[in-house]
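Here is the structure we will look at.
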Amino acid sequence: MSILQIKNLSKDFGGLRVLENISFSLDEGSVVGLIGPNGAGKSTLVNLIGGGDQPTRGEIYFGSRRLNGLPAWRIARLGLARTFQITRIFSDLTLDDNVRLAAWTNGWRGKNLETEVARLIALTELSDKTGVLGRDLTLSDQKRLQLARALALKPKLLLLDEVMAGLNPSELDRAIQLLAKLRNEGITMLVIEHLMRVIMSISDRVLVLHQGTLIADGPPAEIVASSQVQEAYLGRRYVKNRGGFQPDEPSEVKEGT
Amino acid sequence: MRKSKKGMAWFFVLAMSLALILSGCGSSTTAGQTAAGNSAAGTIKIGAPDAATGSLANEGKLVHDGYTLWQNLVNQQGGLNVNGKKYKVDIVFKDDQSNPTNSASLTEQLYTQDGIRLFLSPYASPNIFSATTVAERHKVPMIAAGGGAKSIFTRGYKYVFSSYPYSGEYLGSVLDLLKTKGIKSVAFLHADDLFSQEADQGGEAYAKSHGFDVVYSAQYPSNTTDLTSQLTQIAQKKPDALIGTGHFQEAVLLVKESKQMNVNFKAIAFTVGPSMPSFGQTLGKDSEGILGASLWTPDLPYKDDIFGTAKNYAKLYKEAFGVEPDYHSAMASAAAEMMGMAIEKAGSADPQKVRDALANLGTISLFDGTFTVEANGSISGLKLPVIQVQNGQAVTVWPGDFSKNLKDIPLPPWNKR
Amino acid sequence: MKNRHLVFTGLVLLIALLLPLLTNDYIIQVGTEIAMYAALAAGWNLIGGITGYPSFGNVTFFGLGAILAGAFSVNWHWQYGLAGIVAVLIAGAFGFLLGLPILRLKGHYFSIATLALAQATLAVVTNVQFLGGGRGTSLPLIGSPLIFYYIMFGIAALSALVTYLIVHSQYGNTLLAIKSDEQAAQSVGINTVLAKSTAFALSALLGAMVGVVYAIWQSYIDPPTVFEPGITVLMLVMTLIGGAGTVAGPILGAVIIGLLTQLAMAFSQNASSLILGLGIIVVVLFLPQGILGRQRSGKGGKRKGKHSFSLRG
Amino acid sequence: MHLWLQIILNGILQGGILGISALAFSLQWGVMNLINLAHGSFQILAAYVAMVLLQRLGLDPFLAMPLVFLIFLAGGYLLQFGIINRVISGNLFMTLLLTYGLDFVLANFMILLFTADYKSVNTPYANSSWHLLGFQFPIVRTLALIFLVILSLLLWLFLEYSRTGRAIRATSMGTEPARLMGLKIPKVYALTFGLSSGLAAIGGIFFGLSNAFSPAAGGPLTVGAFVVTILGGVGTSWGPLVGGLILGVLDAVGSVILGPTYVNIITFGLLLIILILRPTGVLGRAAT
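Chains as they are written, first to last, in the UniProt record's numbering: chain A, 1 to 257; chain B, 1 to 417; chain C, 1 to 313; chain D, 1 to 288.
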């Protein structure tokens with residue numbers, strides 16, 4: 001049973017085609033990795049699904065609901081939550097108010113609200129940062145805060161755009177465990193990640209985006225073996241550096257800004 | 001850092017409040033003493049909230065100087081004679097920054113803080129409206145010098161008086177003059193503010209009832225910077241005369257653009273502009289022959305005890321301020337003079353008595369003419385002169401015999417000048 | 001902390017309520033003006049300070065309140081109170097409906113759209129005789145200075161209360177979230193359009209309320225005066241000096257600017273405007289966060305990939 | 001027919017005056033994201049300077065133009081370097097507030113210096129016009145349009161091809177990339193403000209030649225520059241020309257069809273509609 005269906009999706013910015021005829025669907029409860037070199041269109045794709053931008057052509061279905069033309073906040077309320085590659089947190093609110101606002105907006109009230117906020121903050125290991133203003137959080141805290149905030153939406157589908165970049169190895173392990181736990185709760189996830197170790201260990205399936213087109217779609221092992229993928233993307237870098245990409249790799253410039 | 005900043009702010013607020021309240025309370029005691037006669041120290045104080053800055057600073061200055069000239073002369077002559085005793089006058093000015101709300105609050109400040117009970121108005125009708133409201137609430141007289149809007153006097157106020165005729169009467173003399181010169185068709189252009197609308201409507205009604213053909217009439221937004229298209233349109237109708245009712249800069253604009261567009265008229269007249277010295281300076285020879293509705297000129301054959309003749313007024317004014325007076329200053333001096341007359345007549349500076357005296361002035365003659373103070377505080381009967389710019393100077397060309405000074409009507413076309 | 005605030009609020013209320021007993025009409029007049037600007041600044045603070053939309057046209061609602069109340073009461077002979085209520089409601093609805101398209105604009109573009117809104121409204125008023133045209137509307141002289149002081153003071157207190165309730169609610173956090181990052185706010189399910197337009201409408205309601213009272217207090221409505229862009233600028237200056245986004249900031253700002261203006265006018269005939277201008281420059285250079293505003297923290301102020309302009313449009 | 005052609009021509013020529021007044025404003029906004037509320041008062045000050053040079057030294061305004069340009073360039077540079085740069089990277093409100101304070105100071109300073117009296121830059125040709133093909137071409141307005149075209153072209157060439165111009169353009173894309181390119185942003189900003197102050201001065205001289213002015217006349221000029229800049233598109237060299245022409249012609253035609261009293265409704269209504277439908281203006285970069 002598919003929870004998300006993308007049909008023939010294309011996106012132009014001015015004269016530039018960023019996404020070309022993308023089609024795929026996500027099964028409920030699955031974890032799918034989305035990889036591709038910088039500028040391949042990954043963040044644009046997530047942005048289109050999340051309603052941050054409208055596709056030039058093609059359709060997006062969430063369950064049976066067509067998402068085209070819906071404002072982002074409506075899509076979020078349907079249970080489709082996302083994080084941003086370049087973190088976007090509410091810098092004038094404290095960490096817990098960030099989470100609380102998201103939970104409150106999505107129907108949590110009173111005692112339940114406080115319990116849920118506390119649970120999410122504990123889950124993302126941010127308990128010692130409550131009361132800190134958003135603008136004063138470190139980048140890795142901001143990344144986790146985005147995740148907590150997204151989870152406050154009680155999502156059916158999570159779009160995670162590089163939530164692990166910048167984490168140290170032990171943080172990384174715990175983050176992977178957290179994703180596994182979320183998966184056990186039945187949340188479907190589309191994960192954009194540069195760290196191949198993460199993608200390989202948590203994904204049921206991997207999509208590869210290259211220059212705006214989907215060039216491969218299959219189980220992780222198959223993808224790693226695919227010569228087309230190696231050539232387009234992995235060949236140059238993964239092979240050279242089997243441990244994964246350097247965490248300090250500069251984040252790609254977000255398309256369309 | 002934050003703490004000290006906050007502390008400083010509160011200290012600052014506290015200090016300012018104290019300063020204000022202390023000055024307010026301090027003088028309110030003197031106000032108590034002086035309320036009866038307003039003349040404790042042998043001086044009668046008169047308040048004037050008037051623009052020194054902002055968009056009305058120009059006219060505000062003229063009014064300021066008009067008031068000041070009267071004050072200086074009266075004091076030179078020993079002061080006002082109140083029941084045989086001489087009192088100096090002291091006009092207390094406050095800058096309302098051309099803002100009507102400030103006009104009101106400064107009137108209040110002058111009333112309460114400075115204990116002042118007699119007032120001369122700020123310039124411009126909106127400012128007069130709000131300042132007179134405060135005066136009326138406190139039942140103290142205010143004489144308006146700078147706005148002739150009829151609606152100022154139709155509110156049923158008992159403490160508002162004026163030295164200005166209604167705005168709607170400004171153009172009567174101009175049209176009378178044009179009639180004698182065989183002008184038949186007229187185009188009207190006016191700004192959208194209160195004064196200009198009333199003056200224009202009065203003028204158009206007068207024109208129609210006196211056999212003129214009004215071929216064009218339009219209202220433009222105040223401060224417009226382009227009227228070429230209106231002039232192009234007017235040129236199609238070939239009117240004999242153009243009458244503009246607006247502000248100084250718009251009068252200048254209309255002359256400049258008439259010439260640029262080569263739109264010729266037998267006569268051009270404005271309500272505001274030609275009477276001011278800067279009109280001739282600004283336009284040079286293009287201002288020659290242009291007519292201006294005026295309320296006063298130095299040539300008028302009127303006189304009184306304080307200023308002497310109108311000509312003498314001009315001389316005194318020039319000595320004091322270095323420039324020729326225009327009617328704004330003269331009418332302000334006249335307003336101040338009315339106040340002085342009323343105080344002497346009442347034999348007191350008590351606001352109620354002065355108010356009653358003002359209401360009962362009846363028909364009086366001052367250096368600006370003979371007029372009657374009406375029951376609603378406005379005046380009637382003033383014979384309005386018309387001026388013409390000749391060699392950059394305003395020359396009186398109306399009423400009566402002055403018409404022999406009239407030159408160049410019909411005006412030569414722009415390319416023959 | 002809470003108690004201290006309560007005591008402080010009580011003290012301010014007490015002083016303001018008792019002020020007329022201790023002083024004279026002039027102080028009451030100044031107090032009325034300060035209360036008026038405090039309410040206007042608090043209204044501006046809702047959209048400008050808390051939501052982060054730099055409105056340059058809030059005077060539109062002040063003007064509309066005054067013009068409509070005047071028009072209804074003079075032309076249709078409505079009781080002024082009724083005319084005022086209807087005027088306030090219309091201005092609120094106007095704010096909400098115009099907010100829908102205008103609040104899609106950001107930064108300077110929003111500023112200019114609101115400035116244009118004020119100018120366009122003035123232009124319409126000038127051309128509609130029912131609304132007073134260019135001549136304005138005269139109202140009967142009723143009430144006493146004391147009554148207007150208490151009414152203006154009541155509106156100022158109401159706007160402070162509204163601000164307090166908003167700031168301490170999830171709705172206030174919603175607006176702060178929109179100020180921080182609108183796309184992120186949408187991503188957690190916030191209907192930003194509705195939230196912003198509501199804030200704009202509240203701002204409009206407060207502005208119009210002040211306008212209604214101002215009109216009858218002054219007893220004459222001059223259209224260019226009640227749509228004067230400088231009034232919006234004063235709201236902005238007062239809020240920023242006091243501290244944008246705070247409850248007490250706009251009030252403190254109104255008190256400081258109000259007192260400063262009066263003192264400048266009282267002590268200097270020609271230079272009062274100059275002093276005000278220099279004062280503004282000094283505040284901008286040395287007090288950029290306002291008196292009660294949060295200090296900009298050193299950490300996290302510059303993040304990679306982000307402009308150093310916090311509100312770049 | 002001739003009437004309408006002349007009216008459209010009037011609009012086009014008024015567009016020149018409007019556009020030349022907006023040139024500086026648009027540049028400041030486009031490059032520094034700075035809305036200069038003192039823009040109008042800068043222009044009025046330039047008009048006064050031109051007037052003084054004419055009256056005291058008999059220097060024709062057009063001959064004085066390079067001198068006035070340089071004076072304002074230097075003044076603008078120092079003002080930006082000394083004061084505006086201190087707040088420009090902060091909150092957007094603060095720059096607005098600062099320029100508002102500057103406007104207040106400038107306007108009142110001019111009252112002290114020149115009195116509140118109306119003045120104009122009065123040359124023999126200020127009110128004259130050329131008569132060509134049966135149409136009237138007022139000299140000052142026609143020259144304003146020609147100057148506007150030339151200045152737009154020069155500005156475009158400067159920004160496109162000179163080293164400094166490219167630095168300014170890079171800065172307009174955002175301070176971060178410019179910093180990465182090794183540009184000294186405060187200097188670039190000071191230069192931009194200086195350059196635009198010079199341009200504002202030229203606009204001010206044209207205004208002084210075509211209208212009477214007083215120290216309080218700056219406000220409407222700033223508002224006019226707002227409208228033209230938005231119509232043409234922020235930060236494009238040709239935007240002021242296009243915006244000026246659109247506004248000039250629309251106002252001229254609209255004021256004849258509907259009456260001049262509706263000009264402000266047309267102007268600000270149009271501004272609102274453009275902002276809502278196409279906030280980047282006619283020539284602006286496509287919406288983000």
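The beta carbon of each residue, even a glycine, is placed where N, CA and C say it ideally should be.
Closest option to D:N85, judged by alpha-carbon separation, among D:I7, D:F135, D:T192 and D:A22: D:T192. Within the segment 109–124 of chain C, the residues whose Cβ lies closer than 9 Å to any Cβ of chain D are, in chain order, Y109, F110, S111, I112, A113, L115, A116, L117, A118, Q119, A120, T121, L122, A123 and V124.
Under the Cβ criterion of 8 Å, C:V284 is counted among the residues facing chain D. Every beta strand (DSSP E) of 3 residues or more that sits fully in the segment 41–102 of chain A is shown, in chain order, as 57–62 and 80–82. Secondary structure note for D:F213: it is in no alpha helix (DSSP H), with a DSSP letter that is neither H nor E. Residue-level contact by beta carbon fails for C:K196 and chain A, as no gap is shorter than 8 Å. Looking from the CA of A:N21, the closest CA among A:T56, A:L139 and A:A118 belongs to A:T56. Legend: CB atoms of the segment 48–70 of chain B lying less than 8 Å from CB atoms of chain C belong to residues A52, T53 and G54. Rounded to the nearest angstrom, the gap between the Cα atoms of C:L6 and C:V12 is 10 Å. Taking every protein chain shown into account, the CB of D:A74 has fewer than 16 other CB atoms within 10 angstroms, so this residue is exposed. The alpha-carbon separation between B:G47 and B:V89 amounts to approximately 11 Å. Here the C-alpha atom of D:A24 lies approximately 4 Å from the C-alpha atom of D:S196. For A:I3, the uninterrupted beta strand (DSSP E) run begins and ends at S2 to F13, by DSSP. Nothing from the segment 37–56 of chain D brings a Cβ to less than 9 Å from some Cβ of chain B. With a cutoff of 8 Å on beta-carbon distance, D:L209 and D:P66 are scored as not near each other. By the Cβ criterion, the segment 78–96 of chain C is not in contact with the segment 240–250 of chain C, since fewer than three pairs of Cβ atoms, one from each stretch, lie closer than 8 Å.
D:R56 counts as exposed, since fewer than 16 other beta carbons sit within 10 angstroms of its beta carbon. In the DSSP assignment, B:V373 falls within the unbroken beta strand (DSSP E) covering G369 to V373. For D:T261, the residues of chain B that pass the 9 Å Cβ criterion are D192, A218, Q219, Y220 and P221, in the order they occur in the chain. No Cβ-Cβ contact shorter than 8 Å links B:L120 with B:A334. Legend: CB atoms of the segment 98–122 of chain D lying less than 9 Å from CB atoms of chain B belong to residues A107, N108, I111, T115, A116, D117, Y118, K119, S120 and N122.
Taking A:P71 as the centre and dropping the five residues before and after it, the same chain places the C-beta of G51 closer than 8 Å to its C-beta, in chain order. With 16 or more other CB atoms across the displayed protein chains lying within 10 angstroms of its CB, B:E108 is buried. Counting other Cβ atoms within 10 Å of its Cβ, B:E198 reaches 16 or more and is therefore classed as buried.
Counting along the chain, no alpha helix (DSSP H) covers D:W130; the unbroken beta strand (DSSP E) around it starts and ends at S129 to L132.
Between C:T126 and B:D192, the gap from beta carbon to beta carbon is short of 8 Å. At least 8 Å separates the CB of B:T370 from every CB of chain C. Proximity of D:I84 to chain B, defined by a Cβ-Cβ separation below 8 Å, is not satisfied. Within chain C, no C-beta atom comes nearer than 8 Å to that of B:R117; the closest sits roughly 13 Å away. By the C-beta density criterion, B:S329 is buried, having at least 16 other C-beta atoms within 10 angstroms. Here DSSP, grouped into helix, strand and coil, assigns B:G47 to strand. Looking only at C:L158, C:A184, C:G84 and C:L117, the smallest Cα-Cα distance to C:L139 is reached by C:G84.
For C:V283, the number of other beta carbons within 10 angstroms of its own is at least 16, and it is reported as buried. D:P138 has D:S129 as its beta-bridge partners, per DSSP. DSSP, read as helix, strand or coil, puts B:I91 in strand. In the DSSP assignment, A:R205 is bridged to A:V32.
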